[in-house]
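Residue numbers (my numbering), protein chains in the order written: chain A, 13 to 214; chain F, 104 to 223.
Glycine is no exception: its CB is placed at the ideal position from the N, C-alpha and C atoms.
All remarks here apply to the structure that follows.
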Amino acid sequence: MACAPSSTTSGIHLPDSARDLVKILVAGPFGVGKTTLIDSVSEIRPLHTEEELTEASAQVDDLAGVREKSTTTVAIDFGRISLPGGIVLYLFGTPGQERFRSLWDDIAHGALGALVLVDSRRVDASFDVLGLVEESGLPYAVAFNAFPDAPRHHTEEQLRAALDLEADTPMVTCDAREKDSSIDALLALVQHLIDRHPPEHR
Amino acid sequence: MTGRPGGRPLVPAYLSTGGVARPSRPQLERLSVLTGTGEPAPGDLPAAQLALLEELDGGSLTVVEAAALLRLPVSAVRVLAGGLIDRNLVLARAPIPPAERFDPDLLERVADGLRALKHN
Chain A
13 MACAPSSTTS GIHLPDSARD LVKILVAGPF GVGKTTLIDS VSEIRPLHTE
63 EELTEASAQV DDLAGVREKS TTTVAIDFGR ISLPGGIVLY LFGTPGQERF
113 RSLWDDIAHG ALGALVLVDS RRVDASFDVL GLVEESGLPY AVAFNAFPDA
163 PRHHTEEQLR AALDLEADTP MVTCDAREKD SSIDALLALV QHLIDRHPPE
213 HR
Chain F
104 MTGRPGGRPL VPAYLSTGGV ARPSRPQLER LSVLTGTGEP APGDLPAAQL
154 ALLEELDGGS LTVVEAAALL RLPVSAVRVL AGGLIDRNLV LARAPIPPAE
204 RFDPDLLERV ADGLRALKHN
C-alpha cells in the first residue's frame, strides 16, 4: 500500500504520518468567500460532498395530517492541511441558514471551533450564522473578508456592536484569497481557543 | 486512484446502499479514518462497497473524503463502510486516537503548525 511518498500533496490519500485529525468550521453566508479561504490554504484541491436536507414543508393543513417532506441538497466544501507532528487540519465551509441546522450539528460534531466570515457590505447576512454558532456552543472568531469595495468608514466598535459580539471574541480582517492572510485569521481563532483553556490540567 | 471526471455519480445515492438506511457502525464520524485490510474482495461484494474499497487501494481516506470521491452523501458512505468493516475488509479508527484525545498541547501544536506554514 501507500507507495507514494508521504510528502506528496497532490494525492488525496492521507499521509502515513497522519494521527490527529481535527476540524475547524469556516462559516458564513453564500458568497462570503468560504471556499476561497479554504482553497488558499488547502493542500488538496477543495472537495465537496452533496448533503441532503430534509425539510418539513410549510403545508400544515393537509387532510391526512401527513406532512410532506421535500429533499434538497447543498454542497459542502472542505479542504485539508497537514501540519507537523501528525496533525491534519480539515476546514469545512458551512453555510449558516437556519434550515441547515441538522446538517450543521453533524458537521460541527467534534470541531475545535468556527471562523465566521463576514462581508462588511452585508453584515446582516451573517446574523443567522452567528446565531447557529452561538447556539451550538462552538467557540468562534469573526473575520471580515476584505472585498475591494468594502466600506472603510466603520470603526471596530461599530462593527462589533452591529454583530453584538462579546468583548473577548476575536475580530480580524483578512483577504481570503491570500494564504498568509487566511492563516492569520485561523491563528486568531486557534489563539482564542488556547486562551479559553488555560493549561491548568497538565 | 483514478480521477473521476464530472458528470453522473458512479452509483446513484438511493441505490448505493442496497436499501440499508442505517450504518452498522453509528460511531463513524466524518473524519473517521478508513483503511483497507488488504483482504481480497469477495466476488459477491455489492458494486458500491467495491467502489469504496477500491478508493482505499492507494491509502487511507476519511469518510468525508471517500464521500467526495464517490460522489455519494456522507450518510451513504457510513452505511457502505459499515458493511465493509463487518466483513473485515476495512478498518476504521476515530479521528483522534483515544490516548491523544485530551492532549492539552493539541491546540498549541495546531497553532505552531499554522505559523510554520506561513513561512513556506
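Cβ-Cβ distance between residue i and residue j below 8 Å
i	j	result
E110(A)	T85(A)	no
I89(A)	G108(A)	According to the sequence provided, residue 89(A) is Asp. The question's Ile does not apply to it. Going by C-beta atoms, D89(A) is not nearer than 8 Å to G108(A).
A162(A)	P182(A)	no
E158(F)	N191(F)	no
R133(F)	T165(F)	yes
A171(F)	H60(A)	yes
L198(A)	L127(A)	yes
D136(A)	K221(F)	no
L129(A)	A155(A)	yes
L131(F)	L155(F)	no
A173(A)	L49(A)	no
L37(A)	L217(F)	no
L137(F)	A179(F)	no
I206(A)	A214(F)	yes
I56(A)	G91(A)	yes
S54(A)	L103(A)	yes
G185(F)	D160(F)	no
V184(A)	A39(A)	no
G98(A)	A30(A)	yes
N-terminal and C-terminal residue of the alpha helix (DSSP H) that residue i is part of
i	result
L99(F)	This structure leaves residue 99(F) out entirely; chain F is present only between 104 and 223.
R172(A)	168-175
V223(A)	Here chain A has residues from 13 to 214 only, and residue 223(A) is not among them.
R113(A)	113-120
Residue i, DSSP secondary structure in three states
i	result
D180(A)	coil
E211(F)	helix
I57(F)	With chain F covering only 104 through 223, there is no way to say anything about residue 57(F).
L164(F)	strand
G23(A)	coil
S178(F)	helix
V202(A)	helix
A39(A)	strand
L131(F)	coil
G216(F)	helix
P143(F)	coil
P201(F)	helix
D206(F)	coil
D207(A)	helix
K196(A)	The sequence shown places Asp at residue 196(A), not Lys. It is helical.
D28(A)	coil
T120(F)	coil
A162(A)	coil
Beta-ladder partner(s) of residue i, from DSSP
i	result
V34(A)	L101(A)
D89(A)	H60(A)
L95(A)	I99(A)
L65(A)	T84(A)
T106(A)	A39(A)
Element boundaries [beta strand (DSSP E), containing residue i]
i	result
T138(F)	136-139
R189(A)	Note, R189(A): premise wrong, no beta strand (DSSP E); not H, not E.
L194(F)	193-196
L49(A)	L49(A) -> not in any beta strand (DSSP E); alpha helix (DSSP H) instead, spanning 46-53.
V154(A)	152-157
V128(A)	125-131
Burial state of residue i, where buried means 16 or more other Cβ atoms lie within 10 Å
i	result
F112(A)	buried
I208(A)	The sequence as given places Arg at residue 208(A); Ile does not occur at that position. So R208(A) counts as exposed.
G149(A)	exposed
F42(A)	exposed
R174(F)	buried
T120(F)	buried
H25(A)	buried
R204(F)	exposed
D208(F)	exposed
D206(F)	exposed
R181(F)	buried
D131(A)	buried
Q170(A)	exposed
T47(A)	buried
L201(A)	buried
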